[in-house]
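Everything in the sequence shown is counted per my numbering, starting at 4 for the first residue and increasing by one.
First up is the structure itself, then whatever we jot down about it.
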Amino acid sequence: MGSIQRCLEILRLSIREVFRQRRRYFGVMLAIALGTAGLIVVITVGRDVKANLNNDLDLLGGATRIKVIFQSTQPGRETVPAPRWFRPTTVDAVKAIPGVLQVSLAAFKNGPASSQTHGPACRFPLVGVDEAFWELNRFTPVAGRFFGREAVEGRQLVCVLGRDLAERLFGRINVAGSSVLIDHDLYVVVGVLGGIGIADRTGFAFIPFSTAQDRVHGFAHPDCLYVRCTTWDDVAGVAEEVPRVLDRFQPGDEIRVEVAWEQLKRIQRIAWWVETFIYLAIVATMILGGMGIWNGMMTAVRARTHEIGIKKAIGAEGPHILLQFLTESLCLSVGSTLLGIGLGWCGILLISRILSSEPSPALFVISGCSSIGFSLFLGLAAGLMPSIKASRMEVVSALKYE
4 MGSIQRCLEI LRLSIREVFR QRRRYFGVML AIALGTAGLI VVITVGRDVK
54 ANLNNDLDLL GGATRIKVIF QSTQPGRETV PAPRWFRPTT VDAVKAIPGV
104 LQVSLAAFKN GPASSQTHGP ACRFPLVGVD EAFWELNRFT PVAGRFFGRE
154 AVEGRQLVCV LGRDLAERLF GRINVAGSSV LIDHDLYVVV GVLGGIGIAD
204 RTGFAFIPFS TAQDRVHGFA HPDCLYVRCT TWDDVAGVAE EVPRVLDRFQ
254 PGDEIRVEVA WEQLKRIQRI AWWVETFIYL AIVATMILGG MGIWNGMMTA
304 VRARTHEIGI KKAIGAEGPH ILLQFLTESL CLSVGSTLLG IGLGWCGILL
354 ISRILSSEPS PALFVISGCS SIGFSLFLGL AAGLMPSIKA SRMEVVSALK
404 YE
């Protein structure tokens with residue numbers, strides 16, 4: 004009981020001493036707190052930040068997308084020797100793969116479609132898509148809008164034209180609301196596709212998949228599957244798992260998984276360097292904080308040499324002196340870390356609100372506990388030498404020190 008009270012008394016004195024010297028330790032505590040806050044924010048919301056980058060940057064549009072087609076299926080071919088399609092159970096299984104964000108089905112008409120407005124007949128690829136196709140591919144309309152679930156479920160006669168196709172048919176791209184005849188059916192153009200990342204689709208026409216099945220001759224069941232991964236780190240695992248899912252639900256169907264590997268590698272390499280720089284900056288901040296603790300404790304030992312001499316003269320032993328200064332060092336590092344955890348939580352809430360995401364409590368707890376563990380090590384490592392120096396002082400020399 005007496006030893007516990009003695010330890011509590013040492014802890015109280017150490018906290019009081021750190022508080023008294025707060026101006027001296029302000030910079031050190033701020034460095035450790037900011038380093039801790041940065042580490043917690045990076046660990047806790049790092050995945051949400053990656054997911055947000057995937058959603059917002061056009062450069063990543065093809066890097067996190069996987070295209071799955073059957074080996075015998077080639078868009079634009081006049082005939083398909085062995086029609087195959089993705090069954091609903093297969094699509095649901097693909098959606099359940101960890102790291103999959105969105106799934107979209109599409110089908111290409113066997114042979115080109117045709118239309119005639121102001122001149123000779125124009126032939127072009129016709130694609131049936133669902134409502135998820137646009138968001139999954141990160142497409143944006145340059146005119147009008149894209150059709151959605153209502154058009155797909157209602158089997159409406161609406162279409163989206165590629166920018167080049169709109170210019171070929173109408174001589175302009177602002178054609179939303181116009182009517183166009185496609186293979187003997189009259190469709191209303193609701194939007195025009197353009198922008199970055201659409202590749203050769205500027206010459207395509209897109210209609211609801213359900214409408215294509217009902218009214219267009221040459222449309223089969225969905226034979227093209229697009230998969231959007233949550234982040235670029237999920238692409239490799241999802242690409243590896245998709246064939247296993249297909250083999251389990253559709254044995255015998257050979258597929259080809261297409262991934263923009265080169266683009267993905269470039270993005271991952273850039274992200275790796277950015278993450279490495281962030282972690283190095285955080286570690287450097289923490290190390291500088293440890294050096295600040297060491298320097299501050301050494302200064303405190305020199306400044307309190309006379310006090311140490313008095314304590315030894317009235318009976319304090321070396322281990323007691325060592326424990327007191329070591330406790331002060333631990334109070335300084337742990338207190339700074341607790342402040343950093345508070346700042347980190349505020350940063351997490353701010354970033355989560357900006358990204359409209361939910362922070363992971365488990366990751367926050369793990370990162371917070373790791374930070375406290377590291378602060379204990381930092382306090383011991385930085386305060387050990389000054390504490391040993393204080394405990395080994397000679398009483399006479401310390402009392403004569405001015």
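Where a beta carbon is used, it is the ideal one built from N, C-alpha and C, also for glycine.
If distances are taken between C-alpha atoms only, which option among the options comes closest to residue i?
{"i": "F149", "options": "G157, E134, F22", "result": "E134"}
{"i": "F89", "options": "W297, F73, G194", "result": "F73"}
{"i": "A146", "options": "Q327, M32, C349, A179", "result": "A179"}
{"i": "I185", "options": "G131, V245, I354, I344", "result": "G131"}
{"i": "E12", "options": "L341, P364, Q327", "result": "Q327"}
{"i": "R141", "options": "A274, L104, E153", "result": "L104"}
{"i": "W137", "options": "V71, I210, R158, P123", "result": "I210"}
{"i": "L42", "options": "D250, P254, T279, A274", "result": "T279"}
Taking 8 Å as the limit between beta carbons, can you name the residues of its chain near residue i, skipping five residues before and five after?
{"i": "S359", "result": "none"}
{"i": "V44", "result": "G347, G350, I351, I354"}
{"i": "F222", "result": "A110, K112, N113, G131, A215, Q216"}
{"i": "G1", "result": "Residue coverage of the chain in this structure runs from 4 to 405, which leaves residue 1 outside it and unanswerable."}
Can you give the Cα-Cα distance for residue i and residue j, rounded to whole angstroms?
{"i": "P389", "j": "A40", "result": "27 Å"}
{"i": "R68", "j": "G347", "result": "33 Å"}
{"i": "I100", "j": "V241", "result": "7 Å"}
{"i": "R175", "j": "V191", "result": "16 Å"}
{"i": "A208", "j": "P128", "result": "6 Å"}
{"i": "L196", "j": "V219", "result": "21 Å"}
{"i": "L139", "j": "T234", "result": "13 Å"}
{"i": "D61", "j": "S107", "result": "Confidence is the limiting factor: at D61 the pLDDT is only 48, short of 50, which leaves the residue's position unreliable, though a coordinate-based value still follows. Cα-Cα distance, rounded: 19 Å."}
{"i": "Y28", "j": "V368", "result": "27 Å"}
{"i": "K315", "j": "L387", "result": "19 Å"}
{"i": "R395", "j": "L16", "result": "20 Å"}
{"i": "L329", "j": "I46", "result": "30 Å"}
{"i": "M301", "j": "V230", "result": "59 Å"}
{"i": "C372", "j": "R356", "result": "24 Å"}
{"i": "Q119", "j": "P364", "result": "59 Å"}
{"i": "E397", "j": "G312", "result": "7 Å"}
{"i": "A153", "j": "V193", "result": "A quick correction: the sequence has Glu, not Ala, at residue 153. E153 and V193: Cα-Cα distance of roughly 13 Å."}
{"i": "P362", "j": "S370", "result": "12 Å"}
{"i": "A124", "j": "I258", "result": "35 Å"}
{"i": "Q8", "j": "L366", "result": "36 Å"}
{"i": "A306", "j": "Q24", "result": "12 Å"}
{"i": "L33", "j": "L14", "result": "22 Å"}
{"i": "R26", "j": "G376", "result": "25 Å"}
Give every residue of the same chain whose Cβ lies closer than 7 Å to the Cβ of residue i, excluding the five residues on either side of it in the sequence, and list them in chain order.
{"i": "F252", "result": "R90, T92, T93, A96"}
{"i": "C10", "result": "none"}
{"i": "G102", "result": "C232, T233, D237, G240, V241"}
{"i": "K392", "result": "V304"}
{"i": "Q271", "result": "W235"}
{"i": "L160", "result": "D188, L189, Y190, V191, T214"}
State the CB to CB distance for the pair residue i and residue j, rounded to an integer number of angstroms; the pair is presumed to be in contact (CB under 8 Å).
{"i": "A263", "j": "G65", "result": "4 Å"}
{"i": "C189", "j": "S182", "result": "Residue identity check: residue 189 is Leu in the sequence provided, not Cys. 6 Å between Cβ atoms; contact."}
{"i": "M294", "j": "I35", "result": "Between I35 and M294 the Cβ distance is about 11 Å, and since that is not below 8 Å, they are no contact."}
{"i": "L204", "j": "G165", "result": "Correcting the residue type first, residue 204 is Arg in the shown sequence and not Leu. Sure, about 5 Å apart at Cβ, within 8 Å."}
{"i": "V155", "j": "S213", "result": "5 Å"}
{"i": "V245", "j": "V260", "result": "6 Å"}
{"i": "G343", "j": "S374", "result": "7 Å"}
{"i": "G206", "j": "D256", "result": "Incorrect: roughly 30 Å between the Cβ atoms, too far for contact."}
{"i": "V31", "j": "G299", "result": "6 Å"}
{"i": "V71", "j": "L267", "result": "Rounded, the Cβ-Cβ distance is 16 Å, inconsistent with contact."}
{"i": "G292", "j": "G38", "result": "6 Å"}
Which same chain residues end up closer than 6 Å to residue i when comparing Cβ atoms and leaving out the 5 residues on each side of it in sequence?
{"i": "V248", "result": "A96, V97"}
{"i": "W297", "result": "A385"}
{"i": "A169", "result": "I176, V178, V195"}
{"i": "S378", "result": "S336, V337, T340"}
{"i": "H224", "result": "W88"}
{"i": "R158", "result": "S213, T214, D217"}
Report task. Inspect the CB distances between the segment 276-287 and the segment 105-117 and report whether three or more fall short of 8 Å. Result -> no
Requested in this report: Flag this pair as touching only if the segment 16-29 and the segment 314-324 have three or more C-beta atom pairs under 8 Å; answer yes or no.
Outcome: no
Query raised in the report: Does the count of Cβ pairs from the segment 377-388 and the segment 329-349 closer than 8 Å reach three?
Result: Contact between the segment 377-388 and the segment 329-349 is present, because at least three Cβ pairs lie under 8 Å.
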